[in-house]
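Structure record follows, encoded as structure tokens.
Residue numbers (the working numbering): 32 to 193.
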């Protein structure tokens, strides 16, 4: 994915070895959460005073969904909903905008990512989960979907003046 984006528009910081998205056994939960927190906090020096948007890109498997856009900023969520609904190239692709931290919303996300990352006043956080129906056959479509959604998010942030 990193080689598919325009470096003049998007700075990519690859994490060569992340953590599994699968919840660990209860005995290892503290260690997992500590490593997870450290992994995300190390992003701050790369983002603060350099970028207005942090896109946290992940992939998963779900034959029914195309992607989830997860964010805490209500204005960004609203812009993403409008832009996704109006994007002809996304016709037929299920893309959900999921509020992060809004327990009152019907569909919402919670996270163990430190709030300094996902609720930072200096930049916007966007979790982007691309779902692959069949990983071996869908990489090109997933890359195109990710590229399109990152472009939409960047335009939303640019339009918001942040």
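Beta carbons are placed, not taken as given, at the ideal position from N, Cα and C, and that holds for glycine.
Looking at 164, 64, 82, 44, the one whose alpha-carbon comes closest to that of residue 53 is 64. In this structure, residue 84 places its C-beta atom within 8 Å of the C-beta atom of residue 157. Here residue 155 is buried: its Cβ has 16 or more other Cβ atoms, across all protein chains shown, within 10 Å. In this structure, residue 98 sits away from residue 131, with a CB-CB distance that is not shorter than 8 Å. Rounded to whole angstroms, residue 141 and residue 148 show a C-alpha spacing of 13 Å. For residue 119, the secondary structure class from DSSP, reduced to helix, strand or coil, is helix.
Residue 179 places its beta carbon less than 8 Å from that of residue 121. An exposed status is given to residue 42, since fewer than 16 other beta-carbon atoms sit within 10 Å of its beta-carbon. In its chain, beyond the 5 residues on either side, 71 have a beta carbon closer than 6 Å to the beta carbon of residue 144. By the criterion of a C-beta distance shorter than 8 Å, residue 66 is surrounded in its chain by 50, once the five residues flanking it on both sides are discounted.
The Cβ-Cβ distance between residue 187 and residue 114 falls below 8 Å.
Counting only runs of at least 3 residues, the stretch 72-107 fully encloses the following beta strand (DSSP E) elements, listed from N- to C-terminal order: 84-92, 98-102. Beta bridge pairing from DSSP links residue 161 with 90, 98.
Nearest C-alpha to residue 124 among 74, 173, 62: 173. Per DSSP, the beta-bridge partners of residue 131 are 140.
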